[in-house]
Amino acid sequence: MVDTLIEDFDEEECINFALSLQDKAYNQALQSGLSSEEAQKIGQNKYNEVCKRYCLEFIKKIEEKLASLSNQTVANLLRMLIALGLDIEDEEELEYWINRLTQESLNRVALYFNERDNISLYRQLISKPDTSKVLFNLQNYSLKEIEALSSIIKSLSLLNDKNTKNEVNRLQRKEILKKIEKILEKDIQLKIQQQRSNRQTRGRGRGQGRSGGGGGGGDPKDALISKMTSEGIESGGRYWNEVMSDYERSTNKNEFVKNWQIDNDRHNELDIKPINDKQREDERALAENEEHQRQEQEKQLRQQQEQEEIRQQEQLEIRKKQEEQAKQDEKEKQDRERDKIQEKRGIKDNSQTRARSDYKANQGRQSMRQMSSRGGR
Numbered sequence: 018m019v020d021t022l023i024e025d026f027d028e029e030e031c032i033n034f035a036l037s038l039q040d041k042a043y044n045q046a047l048q049s050g051l052s053s054e055e056a057q058k059i060g061q062n063k064y065n066e067v068c069k070r071y072c073l074e075f076i077k078k079i080e081e082k083l084a085s086l087s088n089q090t091v092a093n094l095l096r097m098l099i100a101l102g103l104d105i106e107d108e109e110e111l112e113y114w115i116n117r118l119t120q121e122s123l124n125r126v127a128l129y130f131n132e133r134d135n136i137s138l139y140r141q142l143i144s145k146p147d148t149s150k151v152l153f154n155l156q157n158y159s160l161k162e163i164e165a166l167s168s169i170i171k172s173l174s175l176l177n178d179k180n181t182k183n184e185v186n187r188l189q190r191k192e193i194l195k196k197i198e199k200i201l202e203k204d205i206q207l208k209i210q211q212q213r214s215n216r217q218t219r220g221r222g223r224g225q226g227r228s229g230g231g232g233g234g235g236d237p238k239d240a241l242i243s244k245m246t247s248e249g250i251e252s253g254g255r256y257w258n259e260v261m262s263d264y265e266r267s268t269n270k271n272e273f274v275k276n277w278q279i280d281n282d283r284h285n286e287l288d289i290k291p292i293n294d295k296q297r298e299d300e301r302a303l304a305e306n307e308e309h310q311r312q313e314q315e316k317q318l319r320q321q322q323e324q325e326e327i328r329q330q331e332q333l334e335i336r337k338k339q340e341e342q343a344k345q346d347e348k349e350k351q352d353r354e355r356d357k358i359q360e361k362r363g364i365k366d367n368s369q370t371r372a373r374s375d376y377k378a379n380q381g382r383q384s385m386r387q388m389s390s391r392g393g394r
């Protein structure tokens, strides 16, 4: 989105600028020799011209910025609101209206699908519709209204491509919007066929009235198509093609069309039953996919739990080894201290033993000297 979508219209600036040019035109007219009355008229014309040009340039800026919006459906709604007199003062207020109108567009599409069928939107996206049921439910919707909804979806798809940053979410939304757009296109074709059929029916009725009820001169094939469409038979479907083949092989085509009636059993066998089977298959595939995802989630959860248990066990082993190492270090420390003490004690005991030995030796030597001295006398 552009940085500034609408700039404020500065009325004071516009008026001051216009008055300045008015005075300039007035003075130039006087200098050229015109009367004061004529100069005033020229000045007023210049004032009107400047104001008009200023407003047109401002409107042009608004239109350029609205044209730059990716969601042109919203832009068209904004143009309509502005034309109705909506006063948008700043970018914040404009952003509010854009978001509100976008949400209203989504709500309108959701309401359409709620009225289109009583099954969920997901089932409508994956299954073929019951044509007669759809036409009956959408009888209050005009062709233009459905086309407008299709335009809204296309705009929302562009908005999604531009503004959704998460690639996974962008692709998922794009796929859903694409399916919704395809359904709306098919509904548009159904409406066109219905309108064509109604016009042909009315045309044949007027032709029969003019001919006095004498059977009319219309194409019997068109009449057959009209009858099959009114019965809700899908154009191009298996039952449709079978009836058309029977028609082409018939020798009296007018009589064939006159007597033709829908074979509900055959219609069910060829078209409705395969659709229901496909729908059940899609639902089964969806259930299997959901179950597979659930199992994968449980598997991932178990793996995470196992990894957490392994991590806790490893941490426990590490703490245990650290405690054992600390005990071993403490024991070795105590052994070293005990060895030091014992070593110190051993040195002390040796010193005391040598001291006692020296003392006894001295005593012995003194005794010998005393005995020698007594023997000499």
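Just so we're aligned, residue 18 is where the sequence shown starts under this note's numbering, counting upward by one. Think of the CB as a built atom: it goes at the ideal place given N, C-alpha and C, for glycine as much as any other residue. Since the structure is predicted, the reported quantities are computational estimates derived from the model, not experimental observations.
Around the C-beta of Val-185, fewer than 16 other C-beta atoms lie within 10 Å, and the residue is accordingly described as exposed. Assignment of Gln-278 by DSSP, reduced to helix, strand and coil, places it in the coil class.
Counting the other CB atoms within 10 Å of its CB gives Ser-167 a total of 16 or more, which places it among the buried residues.
Where Thr-148 is concerned, the enclosing alpha helix (DSSP H) starts and stops at 148–154. Asn-154 sits close to Arg-133, with the two beta carbons spaced by under 7 Å.
The DSSP-derived three-state label of Ile-327 is helix. CA-to-CA, the gap between Thr-268 and Leu-188 works out to about 54 Å. Nearest to Glu-251 by alpha-carbon distance, out of Leu-123, Glu-272 and Lys-208, is Lys-208. Glu-313 has its alpha-carbon roughly 56 Å from the corresponding atom of Lys-238. Taken through DSSP and simplified to helix, strand or coil, Asn-269 comes out as coil. As the crow flies, the alpha-carbon of Lys-179 is around 34 Å from that of Gln-317. Within the same chain, and ignoring the five residues on either side of Ala-46 in sequence, the residues whose Cβ sits closer than 8 Å to its Cβ are Glu-55, Ala-56, Ile-59 and Gly-60.
Residue state for Leu-51 is assigned as coil, using DSSP reduced to three classes.
For Arg-283, the closest alpha carbon among the candidates Ala-304, Arg-266, Glu-259 and Glu-305 is that of Glu-259. The residue among Ser-49, Ala-35 and Glu-305 with its C-alpha nearest the C-alpha of Cys-72 is Ala-35. Straight through space, the alpha carbons of Asn-135 and Ile-197 are spaced by roughly 16 Å. When DSSP states are grouped into helix, strand and coil, Ile-136 belongs to the coil group.
By the criterion of a C-beta distance shorter than 6 Å, Ile-279 is surrounded in its chain by Glu-248, once the five residues flanking it on both sides are discounted.
Nearest neighbour of Pro-146 by Cα position, chosen from Asp-288, Glu-325, Asp-346 and Lys-344, turns out to be Asp-288.
In the structure shown, Ile-242 falls within a helical segment according to DSSP collapsed to helix, strand and coil. For Ile-327 and Glu-360, the gap between their C-alpha atoms comes out near 49 Å. Here Ile-163 really is in contact with Leu-201; their C-beta atoms are around 6 Å apart, less than 8 Å. For Asp-178, the enclosing alpha helix (DSSP H) covers residues 160–180.
A straight-line Cα-Cα distance of about 24 Å links Glu-347 and Glu-331. Per the coordinates, the alpha-carbon of Gly-254 lies some 13 Å from the alpha-carbon of Ile-242. Rounded to whole angstroms, the gap between the alpha carbons of Asp-352 and Ile-358 is 10 Å. Taking C-beta atoms as the reference points, Gln-211 and Leu-152 count as a pair closer than 7 Å.
Our two residues, Lys-337 and Gln-321, have alpha carbons roughly 24 Å apart in a direct line. Counting other Cβ atoms within 10 Å of its Cβ, Ile-169 reaches 16 or more and is therefore classed as buried. Between Arg-125 and Arg-117, the alpha-carbon positions lie close to 12 Å from each other.
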